[in-house]
Amino acid sequence: MRQFFEAVANGRLFELGSTCKEEALCSLAQRLRDNLEVAHEADFVAEIRRREQEFNTGIGCGVAVPHLRALCEDGPVYCVLGWSGAGIDYGAPDGEPVHLIVMYYIPDAQRNAYLREIAALVKLLMKRDVAGCLVQVRDLGAMHAFLMGLGNGCH
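Take the position in the sequence shown, starting the count at 1, then add 23; the result is the number in the working numbering.
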């Protein structure tokens with residue numbers, strides 16, 4: 024989960040101003056593009072919308088993991104996170120609102136790294152009562168501290 028915790032530590036955790044799934048995804052896709060500063064890539068917003076229409080990326084436990092595949096071959100997996108205190112009706116399999124969206128950018132050569140990252144995230148979610156904690160967090164600073172605590176093995 025290196026990229027996940029790197030994003031939290033490096034200020035790529037953003038408060039989502041909308042409880043609308045579409046607006047939240049668009050806002051986060053724009054943040055992803057702005058942080059990456061990648062030239063000549065496809066429209067991130069359109070790509071995220073297309074992928075989400077094909078497959079809902081809500082994984083349960085208050086978390087969603089939308090992603091887009093990069094047009095480039097090389098480079099690291101990269102992510103940004105969006106937090107919603109109110110929660111977003113995301114259509115997740117457990118029917119619960121999503122409070123944390125982890126949006127990934129995946130260069131073609133990094134597919135396996137991405138799969139390892141997601142597997143570790145799911146394992147962490149299953150091991151701890153992350154969903155219960157996500158509902159209780161009231162501000163972005165507290166969410167940052169909570170996520171950093173997960174990375175340190177405590178919360």
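Don't be surprised by glycine CBs; every beta carbon is placed ideally from N, CA and C.
The DSSP-derived three-state label of Glu38 is strand. Taking all protein chains shown into account, Gln159 has fewer than 16 neighbouring C-beta atoms within 10 Å of its C-beta and is therefore exposed.
Going by beta carbons, Gly85 and Glu119 fall inside the 7 Å limit. Looking from the CA of Ile141, the closest CA among Tyr101, Glu46, Asp152, Glu96 belongs to Tyr101. Following the DSSP letters along the chain, one finds Leu104 inside the beta strand (DSSP E) bounded by residues 101-111. Every beta strand (DSSP E) stretch that sits fully inside the segment 108-169 and reaches 3 residues is listed by chain position as 121-129. Ranked by Cα distance from Val68, the first of His90, Gly81, Phe78 is His90. Using a Cβ distance threshold of 7 Å, Trp106 and Leu94 do not count as a contacting pair. Partner residues in the beta bridge of Gly81, as assigned by DSSP, are Ala87. By the C-beta density criterion, Pro116 is exposed, having fewer than 16 other C-beta atoms within 10 angstroms. Distance from the CA atom of Leu55 to the CA atom of Met126, rounded to whole angstroms, is 8 Å. Rounded to the nearest angstrom, the gap between the Cα atoms of Leu48 and Val88 is 10 Å. In the same chain as Phe37, and ignoring 5 residues on each side of it, the C-beta atoms closer than 6 Å to its own belong to Arg54, Gly105, in chain order.
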